[in-house]
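*Asks:*
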Amino acid sequence: MIQLLRATRLVAALAGCFGIFLSGPYFLILTASAGESRSELILSNLPTDNSAEYEVLKDAAGNPAREMLLMTHSQVWRVENSRVDAFITLANRRGVTVNRLDRNWNRMLTPYPAPPALDPIQKELVEKTMASKAAVGGAMMELPNPSLLEYAFTKGMNSVDGEPPSTLFTPLNDKISVTARRTSVVKTAEGYVWHGVTVNSGEPVTLIWRPKAGLTGTITYAGRKYVVKPMGGGMQGVVEMVPKMLPPDHQPMSREMIRKMNLRDDPLVKQGDASMAGAPTRAGNDTQHPVHGDLKKMEDAPLSHEGRSTATHAPITSAESETSKADGITITLIVAYTRQAASHYHDIEKDLLDLAVEETNQSFRNSGIDDVRVKLVHAYLTDYVESGVQFDDLYRFVYDHDGYMDEIHSLKAQYHANIAILVVDNPHGCGLSAQVAGPPNKAFAVVHHECAALEYSLAHEIGHIIGARHDLAEDDSRTPFPFGHGFIDSKNNWRDIMSYAESCGGCPRLPVWSNPNIRINGVPVGDELRNNAKVIRERAAIVAGFH
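In terms of my numbering, the sequence shown opens at residue 1 and continues consecutively.
1. Going by DSSP in three states, Glu80 sits in which element: helix, strand or coil?
2. Assess contact between the stretch 238 to 246 and the stretch 406 to 426, defined as three or more Cβ pairs (one per stretch) separated by less than 8 angstroms. Is contact present?
3. As a quick exercise: from Glu150, Arg181, Val136 and Trp194, pick the residue whose alpha carbon is nearest that of Asn173.
4. Quick test of your reading: Val79 and Gly95, contact by CB under 8 angstroms. State the CB separation rounded to the nearest angstrom.
5. Measuring alpha carbon to alpha carbon, tell me which of Ile408, Tyr345 and Ile329 ends up nearest Ala541.
6. Does the stretch 148 to 168 touch the stretch 122 to 129, meaning 3 or more C-beta pairs lie closer than 8 angstroms?
7. With a threshold of 16 other CB atoms inside 10 Å of the CB of Ser82, please say whether the residue is buried or exposed.
8. Just to confirm, are Ile518 and Ala468 a CB contact at a threshold of 8 angstroms?
9. Quick one: residues in its chain with C-beta nearer than 6 angstroms to the C-beta of Val84, no 5 flanking neighbours on either side, listed in chain order?
10. Note the first and the last residue of the continuous alpha helix (DSSP H) segment covering Leu149.
11. Going along the chain, which unbroken runs of the beta strand (DSSP E) with 3 or more residues stay wholly within the stretch 209 to 260?
12. When you compare only the Cα positions, how much space is there between Leu10 and His73?
13. Just the C-alpha distance for Ala413 and Ala336, rounded to the nearest angstrom, thanks.
14. Using beta-carbon positions only, say whether Ser44 and Ser147 come within less than 8 angstroms of one another.
15. Need the endpoints of the alpha helix (DSSP H) that Ser548 sits in, please.
16. Taking 8 angstroms as the cut-off, does the stretch 45 to 62 touch the stretch 102 to 114 (at least 3 CB pairs, one atom from each stretch)?
17. Using a 10 Å radius around the Cβ and a threshold of 16 neighbouring Cβ atoms, would you call Glu55 buried or exposed?
18. Below 8 angstroms, how does it come out for the stretch 242 to 251 and the stretch 226 to 234: are there three or more Cβ pairs, yes or no?
19. Is the CB-CB distance between Met498 and Gly506 below 8 angstroms?
20. Taking all protein chains shown into account, do 16 or more other C-beta atoms lie within 10 angstroms of the C-beta of Asn285, making it buried, or fewer, making it exposed?
21. Keeping to the same chain, check which residues put their C-beta closer than 7 angstroms to that of Asp351; ignore five residues upstream and five downstream.
22. Check whether the stretch 400 to 407 and the stretch 356 to 375 are in contact - that is, three or more C-beta pairs closer than 8 angstroms.
23. Using 10 angstroms around the beta-carbon of Lys325, count the other beta-carbons present and answer buried if the total reaches 16, otherwise exposed.
24. Can you list, in chain order, the residues of its chain with a C-beta nearer than 6 angstroms to that of Asp489? Leave out the 5 residues immediately preceding and following it.
25. Express the C-alpha separation of Leu246 and Leu432 in angstroms, rounding to a whole number.
26. Assign Asn99 to one of three DSSP states: helix, strand, or coil.
27. Output the boundary residues of the beta strand (DSSP E) element that contains Phe444.
28. Around the Cβ of Met141, are there at least 16 other Cβ atoms within 10 angstroms (buried) or fewer (exposed)?
29. Roughly how many whole angstroms lie between the Cα atoms of Leu149 and Phe481?
30. What did DSSP end up calling Glu358 once you bin it into helix, strand or coil?
31. Helix or strand or just coil, what does DSSP make of Thr170?
32. Would you tell me roughly how many angstroms separate the C-alpha atoms of Asp249 and Gly429, rounded to the nearest one?
33. List the DSSP bridge partners of Lys187.
34. Which residue's Cα is closest to the Cα of Gly214: Val193, Ala91 and Glu474?
35. Express the C-alpha separation of Lys212 and Ile348 in angstroms, rounding to a whole number.
36. Can you list, in chain order, the residues of its chain whose CB lies under 6 angstroms from that of Thr110, leaving out five sequence neighbours each side?
Next up, the structure:
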């Protein structure tokens, strides 16, 4: 039977905080566009290839061009229009499901025809998602037929005849829909990783789809970030986020502590290096840290409000192909996450950690660092409860035999992880590393879950551990390399992964590392003092050797 897709327009509220699309009273019949000589049909439940029944169907379809969909075990057949109706009738009689594609077939998400019922777990997840200061809107969606989505992700992925890249279309809310053009797609054991850019603005899109786990990803459009996350039961949330309302890159010290230590600037904020705040000492089984004050009081401090940006970004282009000095360097990660952080996700490992790792690796590829990658080798739920101060959480993670997360050290050795990350729910800062370009026993960092993928904070903290520093306006340190600083393009209003929003009036962060051989909108992304891509190439092999 030919599948019918509902057309939708109206929007209503769900639980007072999540928008739900309501269906209109009409349908779009799936037919081929006028003038087309062939129709694309997705066939499921086909007989075994090369069986007699399969050959009968092939003959009826005129021995069509075919494309295999590996995850859903379906096939796409391109059948002459004169044969389509008879073929569909024959296929249906033999138990084959046929979906005939129309011009709107590449819709990534489909609005619900009516508000879905939520179970208590889903309601709690919606409430926690929308409680973020950065969340300004959201919509509940459902995924299309898995075979249709797989084809939308993969159409022409193995083409060698110059077929143009496929596009995905999705509504983001009741007013905005975007079309994204694919730049790459990779098959994994569980699904696909899709990268692209929005057609109108060239802003980045990352999507990970697994038939059994749903869709997760980020879409950047007009200065806003849209987080796509599974909500359980096949439901998908699309959450609109204002990046400027996220926490600062690093949680600041208290003013009292800065005075006590006679510091001119806060080293946590300026350098993102916890070792510069003074190493904590230990007494007995507890860790004695400098008193940083009650930073929870800072949660409600006024934040600058973001107007909607109209900046556009051309795709990142490389003027010169670059590779690392050693081929195939893999930096391995172990990630511990708290129960509070995990409560914001249906499955934090699939819905957040995999996405943050993929965003990190894509940022390397964007920057000409093609032969360096990070790999998550183990993730687990820790019973540690956040203190509210990331400096304290970090050193409790770093130290052994102090009664806090002591298991990380044996697990790190067991899984041969080079870097350990603790993911927390702490809205006072996006993250903090134990030391910039430090030794193996300081290859630790803490990251706030909300920033890990959305603001590339997992990549940012890994960058610190490797040796990358902030932009020069924030950090003019010349170690370990004088050229190891972030880059800001003030003219075109954007910054790289290591640069601060405060240094450019709140401009958006792009998934790229400073590198004078990479260009965006024709502008080199660095110079002789700003080349963190070179830092990563110089130091990646060293960090990959950490034990």
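Every residue gets a Cβ at the ideal spot worked out from N, C-alpha and C, and that includes glycine.
*Replies:* The short version:
1. strand
2. No, because fewer than three Cβ pairs between the stretch 238 to 246 and the stretch 406 to 426 fall closer than 8 angstroms, the two stretches do not touch.
3. Val136
4. Their Cβ separation, rounded to whole angstroms, is 18 angstroms, which puts Val79 and Gly95 out of contact at 8 angstroms.
5. Ile329
6. no
7. By the Cβ neighbour-count rule, Ser82 is exposed, with fewer than 16 other Cβ atoms within 10 Å of its own.
8. no
9. Ser39
10. Start and end: Pro146 to Thr154.
11. 214 to 221, 224 to 232 and 235 to 241
12. Residue confidence for Leu10 is low, a pLDDT of 25 falling below 50, so the modelled location carries little weight and cannot support an answer.
13. 14 angstroms
14. Yes, they are a contact pair.
15. Here the chain comprises residues numbered 1 to 547, so residue 548 is not present and cannot be evaluated.
16. no
17. With fewer than 16 other beta carbons inside 10 angstroms of its own, Glu55 counts as exposed.
18. no
19. In this structure, Met498 sits away from Gly506, with a CB-CB distance that is not shorter than 8 angstroms.
20. With a pLDDT of 42 at Asn285, under the threshold of 50, the modelled position of this residue cannot be trusted, and the question is left open.
21. Thr216, Lys229, Pro230 and Tyr345
22. no
23. Only weak support is given to the placement of Lys325: the predicted model assigns it a pLDDT of 43, under 50, and the value that follows is read from those uncertain coordinates. With fewer than 16 other Cβ atoms within 10 Å, it is exposed.
24. Val523
25. 15 angstroms
26. strand
27. Phe444 to His448 is the span of the beta strand (DSSP E), which, as asked, contains Phe444.
28. buried
29. Per the coordinates, the alpha-carbon of Leu149 lies some 46 angstroms from the alpha-carbon of Phe481.
30. helix
31. strand
32. 6 angstroms
33. Tyr192
34. Val193
35. 15 angstroms
36. Glu142 and Pro144
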